[in-house]
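Convert by adding 382 to the 1-based position in the sequence shown; the result is the number in my numbering. To start, the structure itself, in structure tokens.
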Amino acid sequence: MENYSHFIITRFNLNLYAQDKHDLPTRTDRWLEHRFEVFERYCLPSVAAQTSGNFTWLCLFDAATPESCRRRIEGYKARCPQFEAVYYTAAQAANLTENLRTTIAAYVSCDRKGRKSPPPEAADHH
Numbered sequence: 383m384e385n386y387s388h389f390i391i392t393r394f395n396l397n398l399y400a401q402d403k404h405d406l407p408t409r410t411d412r413w414l415e416h417r418f419e420v421f422e423r424y425c426l427p428s429v430a431a432q433t434s435g436n437f438t439w440l441c442l443f444d445a446a447t448p449e450s451c452r453r454r455i456e457g458y459k460a461r462c463p464q465f466e467a468v469y470y471t472a473a474q475a476a477n478l479t480e481n482l483r484t485t486i487a488a489y490v491s492c493d494r495k496g497r498k499s500p501p502p503e504a505a506d507h508h
């Protein structure tokens, strides 16, 4: 039987779109706070409650995410050990498929070496 690495990928606040599906701006404090509220109410508890912990949850954030929000994000790992925050610049987000392949490859490589996650420079793409 082959070994598989399972990933959940969430695009939290990547700088991809200027407006949401309701034509509201996406780069505002209000928009970001709403994203956190929905994430903390629905997404985080749902993924944390999975009965199998055999996965890595890559949550993709804009590299320009404010420091106060980054501290909030750091706390998610305590609620879900599989949670990994990955920060992409707008340019990296524009080439998301390729950058995500590189990020996943770094995690798979570390998993094969017995480490839980890659060094920050391999995953963050700063």
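Every residue, glycine too, gets a C-beta built ideally from N, C-alpha and C.
- Taking a contact to require three or more Cβ pairs closer than 8 Å, the stretch 430-446 and the stretch 383-398 qualify as touching.
- Rounded to whole angstroms, the gap between the alpha carbons of ALA487 and VAL468 is 13 Å.
- For TYR458, the three-state secondary structure derived from DSSP is helix.
- The beta carbon of TYR458 is closer than 8 Å to those of LEU426, CYS441, PHE465, ALA467 in its chain, skipping five residues each way along the sequence.
- Judged by pairs of C-beta atoms under 8 Å, the stretch 477-492 touches the stretch 430-440, as three or more such pairs exist.
- By the 16-neighbour rule on beta-carbons within 10 angstroms, VAL429 is buried.
- The C-beta separation of LEU478 from CYS451 comes to about 20 Å, leaving the pair out of contact by the 8 Å criterion.
- Beta-bridge annotation (DSSP): TYR470 is paired with ASP444.
- Secondary structure at PHE389: strand, using DSSP grouped into helix, strand and coil.
- Proximity to PHE389 across PHE421, GLN432, VAL420 peaks at GLN432, based on C-alpha coordinates.
- The alpha-carbon separation between PRO500 and CYS492 amounts to approximately 6 Å.
- Residue pairing by DSSP places THR438 opposite PHE389 in a beta bridge.
- The three-state reading of DSSP puts PRO427 in helix, counting H, G and I together.
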